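Notes follow the structure.
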Amino acid sequence: MAYIKNSWYMAAWSSEIEDKPFGRNLLGERVVMFRDGSGEIHALNAMCRHRNADLSAGKLVGDHIQCPFHGWQYDTKGICRYIPSQPPPHPVYETARVPCYTVKEQHGIVWLWMGDEGAMDERLPGADIFRDETVVNRIADTRLQAATPLTILENGLDDAHPPFVHTLDEVVPTQLPRRDVRISENRRRMQYHIDETAVNAEYTHQTADKPDWRARVIYGTTPLKSVTVGFDVAGLVYFLYEHVNGEILIFSGMATPSDDEYTWFFTAFESDRSNWFRNRVVRWYLRVQNDEDETLIGCMQRQVQSDDNLNLQLSVPADHPGLSLRRLYGDWLKVEIRT
Ligand code: FES
Ligand SMILES: [Fe+2]
124 MAYIKNSWYM AAWSSEIEDK PFGRNLLGER VVMFRDGSGE IHALNAMCRH
174 RNADLSAGKL VGDHIQCPFH GWQYDTKGIC RYIPSQPPPH PVYETARVPC
224 YTVKEQHGIV WLWMGDEGAM DERLPGADIF RDETVVNRIA DTRLQAATPL
274 TILENGLDDA HPPFVHTLDE VVPTQLPRRD VRISENRRRM QYHIDETAVN
324 AEYTHQTADK PDWRARVIYG TTPLKSVTVG FDVAGLVYFL YEHVNGEILI
374 FSGMATPSDD EYTWFFTAFE SDRSNWFRNR VVRWYLRVQN DEDETLIGCM
424 QRQVQSDDNL NLQLSVPADH PGLSLRRLYG DWLKVEIRT
């Protein structure tokens with residue numbers, strides 16, 4: 124399976140990274156993340172240059188990470204500064220270093236750039252969507268799925284599946300219009316917007332008329348002003364719900380390749396209003412909804428073994444956002460394969 128390498132990827136929630144090593148497999152590598160004394164996060168390849176022990180099983184000594192095997196110490200840039208069996212004045216060789224990745228922490232999310240530094244995008248995914256006021260009311264779920272990022276992301280923008288897959292959606296035949304998907308000039312983002320006139324016709328089933336009380340608690344009964352849906356290359360899909368009373372709900376999903384077969388899927392539901400009861404219901408539902416998607420995606424992934432199969436799929440206008448995402452994703456993959 125191929126995935127895009129030159130992208131910011133979500134590596135962890137901010138709350139996961141403390142002043143001790145935290146390991147996660149990302150883009151086919153073992154990565155160790157930790158906070159230094161000033162709270163800044165650093166990310167290194169976790170394979171010790173000596174005998175390949177996992178640095179994430181080691182510990183911090185000041186701002187150095189110490190390998191659990193023979194105690195070599197690496198600084199925040201991945202340069203080995205101390206070898207206990209060869210103490211000073213023995214030199215530490217130039218080659219004794221592990222790759223170090225650029226980290227950015229924003230809105231409670233830790234982003235990593237593990238690709239080509241020269242291709243780095245200055246803008247983080249979701250820069251126009253995420254905001255500090257909603258992070259305090261964020262309910263999150265993290266899971267490792269046996270699927271490609273593309274399959275997971277496409278499902279995220281699939282408007283037609285919820286009534287058939289998800290507990291809180293009714294089976295109602297709804298005509299889904301072909302979305303007016305807009306692609307940014309640098310082709311790193313796509314978005315469509317459902318305005319006030321369309322949204323209240325389309326989304327009534329998500330609010331006041333929704334028979335299930337849990338759906339009413341989650342989505343509220345206040346009419347919507349608009350919904351903005353988007354995808355940022357390579358791993359973010361989101362729904363931004365804006366209500367007429369100004370309340371904002373954001374549902375986001377970040378897919379990060381773990382290796383060729385598995386993908387981390389981080390999802391969050393957040394609001395700019397605190398509501399402990401809704402948060403309890405959301406916590407339950409986020410897990411249920413992700414379980415339902417994961418089961419479905421797992422079955423589907425086993426059937427879609429190659430791009431040839433993708434080319435044989437039939438699509439209808441309602442599939443347009445997912446297909447636009449697939450095209451954008453494929454274009455960036457081609458760029459990387461060419462370079
Ligand atoms: S394997 Fe890391 S110090 Fe020996
Ligand atoms: Fe779903």
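In our numbering, the protein residues as written are 124 to 462. Yeah, the Cβ is synthetic: ideal placement off N, Cα and C, and Gly gets one too. For clarity, every value in this text was computed on a predicted model and none was experimentally measured.
Near ligand 1: residue i beta-carbon under 8 Å from a heavy atom
| i | result |
| --- | --- |
| R220 | no |
6 Å CB neighbourhood of residue i in its chain, flanking five on each side removed
| i | result |
| --- | --- |
| R301 | P440 and H443 |
| D142 | R158 |
| E163 | none |
| V360 | L276, G279, L280, F354 and G376 |
| N168 | E152, V221 and P222 |
| N402 | I262 |
| Y126 | P272 and P380 |
| Y315 | R302, D303, V304 and V352 |
| P207 | G194 |
| D198 | H187 and R204 |
| Q189 | G181, K182 and Q196 |
7 Å Cβ shell around residue i - same chain, five flanking residues per side excluded
| i | result |
| --- | --- |
| E319 | K348 and S349 |
| E139 | F145 |
| A269 | E384, Y385, G421 and Q424 |
| E256 | D395 |
| L267 | S381, Y385 and W387 |
| L191 | Sequence inspection shows Pro at residue 191; the Leu mentioned does not correspond to that position. Here the set comprises A176, A180 and G181. |
| D239 | N129 |
| L419 | V288 |
| F374 | Y361, F362 and F392 |
| A283 | L299 and A441 |
| C463 | Since the first residue of the chain shown is 124 and the last is 462, residue 463 is not available in this structure. |
Spatially closest choice to residue i from the options, by CA coordinates
| i | options | result |
| --- | --- | --- |
| V337 | T290, D264 and Y315 | Correcting the residue identity first, residue 337 is Arg in this sequence and not Val. Among T290, D264 and Y315, the Cα nearest to that of R337 belongs to T290. |
| V304 | V427, L448, P211 and Y224 | L448 |
| T390 | N368, R410 and G241 | R410 |
| G231 | S137, V367 and G369 | S137 |
| I371 | D382, E393 and N175 | E393 |
| A180 | G201, M156 and S161 | M156 |
| R450 | M313, Q426, Y364 and E417 | M313 |
| F287 | S397, D416 and W236 | D416 |
| S307 | V356, P214, A321 and E325 | V356 |
| D414 | D264, T218, Y452 and R310 | D264 |
| R310 | A242, W455, E459 and G241 | W455 |
| T274 | S161, W399 and A378 | A378 |
| V405 | D251, G241 and N260 | N260 |
Residue i CB to nearest heavy atom of ligand 2 below 8 Å
| i | result |
| --- | --- |
| P285 | yes |
| E277 | no |
| Q412 | yes |
| V288 | yes |
| E415 | yes |
| V264 | The sequence shown places Asp at residue 264, rather than the Val named in the question. Outside the cutoff, so no. |
| D355 | no |
| D281 | yes |
Neighbourhood of residue i by C-beta distance below 8 Å, restricted to the same chain and skipping five residues each side
| i | result |
| --- | --- |
| T330 | Annotation note: pLDDT 49 at T330 (below 50); position unreliable, no value reported. |
| N323 | P346 and L347 |
| W234 | W131, Y132, M133, A134, V226, K227, E228, L247 and P248 |
| V258 | H230, G231 and E393 |
| V184 | Q196 |
| G201 | L167, N168, R220, V221, P222 and C223 |
| L433 | V427 and R449 |
For residue i: DSSP bridge partner residues
| i | result |
| --- | --- |
| S97 | For residue 97 there is no data in the structure shown, the boundaries of the chain being 124 and 462. |
| R311 | The partner list for R311 (beta bridge, DSSP) is empty, contrary to what the question assumes. |
| F157 | H165 |
Residue-level contact to chain C via CB, residue i, 9 Å cutoff
| i | result |
| --- | --- |
| I164 | No chain C is part of this structure, which consists of one protein chain only. |
Quiz prompt | Lining residues of ligand 1 - beta-carbon closer than 5 Å to any non-hydrogen atom, in sequence order | solution = A distance filter of 5 Å between CB atoms and the heavy atoms of ligand 1 selects the following residues in sequence order: C171, H173, R174, A176, C190, F192, H193 and W195.
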